[in-house]
Amino acid sequence: MTNTPLPEILRPKTLKDFVGQEDLVGKDKIIAKLLKSQDFFPSLIFWGPPGSGKTTLARIIAGALKKEFFEFSAVNTKVKEVEEIIKGVTNSPIIFLDEIHRFNKAQQDKLLPHVEKGQIILIGATTENPSFEVIAPLLSRCRVLILGQLSQKNLKKILDRALKFTKKKLNKDSLEFLLEASNGDARVMLNVLEIAANIHLGRVKAHSRGGITLQEIETALQKRQYTFDKRGEDYYNTISSYLKSMRASNVDSALYYLARMVAAGQDPLYIARRMVVFASEDVASPTALVVANAVFQACNTIGYPECQENLAAGTVYLATTKKDRSAYEAYMRALEDVKNYGNLPIPLKIRNPVTKLMGEIGYGKGYRQYNKESYLPEKLIGRKYYNKTKE
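So for the sequence shown, this note's numbering puts the first residue at 1420; every next one is plus one.
Shown next as structure tokens:
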């Protein structure tokens, strides 16, 4: 019996055993080259999804460089703890900071001088886009390396090792389901396998022997892994894909991205607010705004799970109705002139002569209701902002 989790037991110790990220660790790739030279090793930011090997790669680098290695998680670490470690060591130790995006600007600032002076080799790991989450001065002193989601081929190789170690078997359906449901996350896959193996062990003691079943994998998994951090890049990619699908009148794509957001627990009011904006920006019919507002009110009143049906109905309407951005684009052109020219003088004839003096100096003079003439400031006479989309 051991309490050490299976992912930790099977964690590779060398690049030779590391699976995936061939663009970084393969022969003549950056990590392999840096470790081979050992003259200088830069601070790094590993950016990639969960379970893609960020922590493992940091430990392998420390072992290969024979450096002292200190591992922290920004979730439960204070900068002072890191600084205390730095004071007591020499020879540029490796400080691995998982979820570095959880450190705020002030905390990241305190790491900067240690990285700048070469007192430490910082390896930060993040699932978030470092362009947004890591301060520019620190980012400029680190090399950003992007780790991709593990392929099913990568996961299969890791799974084969795990099955050999645990002396367990999976039938074809169970294996394919586990690979698919893990969503590229090796840690999730190994944790699910370990739980399923224990469930299986209890069943075997009570019944007949056999391989781990699909039902046991499903029980261990409980729920598929949905990659959708509400602060991360995938958040913006998904909502952007949803809106672009509706704009292209691709109702199936729009419903798919809506389903992804709902399944990941996205706030329904956020989705509904985006629908309200979309109804004014992109749709020709004024009824669209009424529909979008009705969806928002329904979501606000009902909540999940029922309001997902309101979101779906609104999505289908907005995706299938005629698109027209002429009002939005006209306003943007007018706004650009406001930014460029500031508060240009309003023509006297459309100013209200609220006092006798104003009337005497020309306020309201020459104004006629319903005249089709330009009332723009003189500098903008002739400017056309709105061009109605032809039917």
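Just so you know, even glycine gets a beta-carbon here, dropped at the ideal spot from N, CA and C.
Spatial distance of residue i from residue j (CA atoms)
i, j, result
"threonine 1546", "glutamate 1797", "53 Å"
"valine 1508", "valine 1534", "14 Å"
"asparagine 1759", "leucine 1795", "15 Å"
"glycine 1761", "serine 1704", "33 Å"
"phenylalanine 1489", "tyrosine 1655", "33 Å"
"lysine 1432", "asparagine 1548", "27 Å"
"isoleucine 1464", "isoleucine 1565", "8 Å"
"proline 1772", "proline 1724", "58 Å"
"leucine 1674", "threonine 1632", "33 Å"
"aspartate 1447", "glutamate 1748", "50 Å"
"asparagine 1712", "alanine 1731", "14 Å"
"lysine 1791", "alanine 1738", "36 Å"
"lysine 1473", "tryptophan 1466", "8 Å"
"glutamine 1440", "valine 1695", "41 Å"
"leucine 1589", "asparagine 1729", "41 Å"
"leucine 1677", "valine 1710", "17 Å"
"lysine 1591", "lysine 1576", "15 Å"
"leucine 1763", "valine 1757", "8 Å"
"glutamate 1613", "lysine 1572", "20 Å"
"valine 1563", "asparagine 1422", "35 Å"
"leucine 1425", "aspartate 1458", "35 Å"
"leucine 1594", "glycine 1630", "11 Å"
"lysine 1775", "glutamine 1788", "21 Å"
"arginine 1478", "leucine 1662", "41 Å"
"serine 1793", "alanine 1683", "51 Å"
"leucine 1847", "lysine 1536", "A query on residue 1847 cannot be resolved here, the shown segment of the chain reaching from 1420 to 1810 and no further."
"serine 1668", "isoleucine 1690", "17 Å"
"serine 1550", "isoleucine 1800", "43 Å"
For residue i, the three-state DSSP class (helix, strand or coil)
i, result
"arginine 1802", "coil"
"glycine 1439", "coil"
"lysine 1649", "With a pLDDT of 48 at lysine 1649, under the threshold of 50, the modelled position of this residue cannot be trusted, and the question is left open."
"isoleucine 1540", "strand"
"serine 1545", "Checking the sequence, you will find threonine at residue 1545 rather than serine. The answer is strand: DSSP assigns threonine 1545 an E or B state."
"isoleucine 1765", "coil"
"aspartate 1517", "strand"
"arginine 1692", "helix"
"glutamate 1490", "strand"
"valine 1681", "helix"
"arginine 1562", "strand"
"lysine 1742", "strand"
"leucine 1425", "helix"
"leucine 1708", "helix"
"valine 1702", "strand"
"alanine 1625", "Residue placement at alanine 1625 cannot be trusted, given a pLDDT of 45 that sits under 50; what the coordinates show is reported in the next sentence. In this structure, alanine 1625 counts as helix in the three-state DSSP scheme."
"serine 1511", "coil"
"isoleucine 1554", "coil"
"serine 1672", "helix"
"leucine 1476", "helix"
"isoleucine 1450", "helix"
"serine 1386", "Any answer about residue 1386 is impossible in this case: the structure gives the chain only from 1420 up to 1810."
Proximity of residue i and residue j at Cβ, strictly below 8 Å
i, j, result
"alanine 1717", "leucine 1708", "no"
"isoleucine 1765", "tyrosine 1786", "no"
"asparagine 1493", "phenylalanine 1522", "One detail in the question is off: residue 1493 reads as alanine in this sequence, not asparagine. Going by C-beta atoms, alanine 1493 is nearer than 8 Å to phenylalanine 1522."
"phenylalanine 1584", "isoleucine 1542", "no"
"arginine 1802", "lysine 1742", "no"
"isoleucine 1519", "lysine 1486", "no"
"phenylalanine 1491", "aspartate 1517", "yes"
"isoleucine 1480", "isoleucine 1513", "yes"
"leucine 1530", "leucine 1557", "yes"
"methionine 1608", "leucine 1582", "no"
"leucine 1767", "glycine 1781", "yes"
"threonine 1740", "valine 1702", "yes"
"valine 1681", "glutamine 1727", "yes"
Nonlocal neighbours in the same chain, by C-beta distance under 8 Å from residue i, ignoring five residues either side
i, result
"arginine 1580", "Leu1429"
"valine 1444", "Leu1434, Phe1437, Ile1450, Ala1451, Leu1476"
"glutamate 1500", "Phe1491"
"glycine 1722", "Pro1687"
"lysine 1524", "Ile1554"
Beta-carbon contacts of residue i that lie in its chain and below 7 Å, excluding the five residues immediately before and after
i, result
"glutamine 1568", "Pro1468, Ser1471, Gly1603"
"lysine 1811", "Because the chain spans 1420 through 1810 in this model, residue 1811 falls outside it and cannot be assessed."
"glutamine 1526", "Val1498"
"isoleucine 1618", "Glu1635, Thr1638, Ala1639"
"isoleucine 1755", "Isoleucine is not the amino acid found at residue 1755; the sequence shown has glutamate there. Around glutamate 1755: no qualifying Cβ."
"glutamate 1828", "Here the chain has residues from 1420 to 1810 only, and residue 1828 is not among them."
"lysine 1784", "Leu1767, Lys1768"
Neighbourhood of residue i by C-beta distance below 6 Å, restricted to the same chain and skipping five residues each side
i, result
"alanine 1483", "Leu1454"
"serine 1672", "Ser1664"
Distance between beta carbons of residue j and residue i, contact taken as under 8 Å
i, j, result
"valine 1611", "leucine 1597", "6 Å"
"arginine 1679", "threonine 1657", "6 Å"
"alanine 1616", "lysine 1587", "5 Å"
"cysteine 1561", "proline 1461", "7 Å"
"serine 1570", "glutamine 1538", "Rounded, the Cβ-Cβ distance is 38 Å, inconsistent with contact."
"arginine 1692", "phenylalanine 1715", "7 Å"
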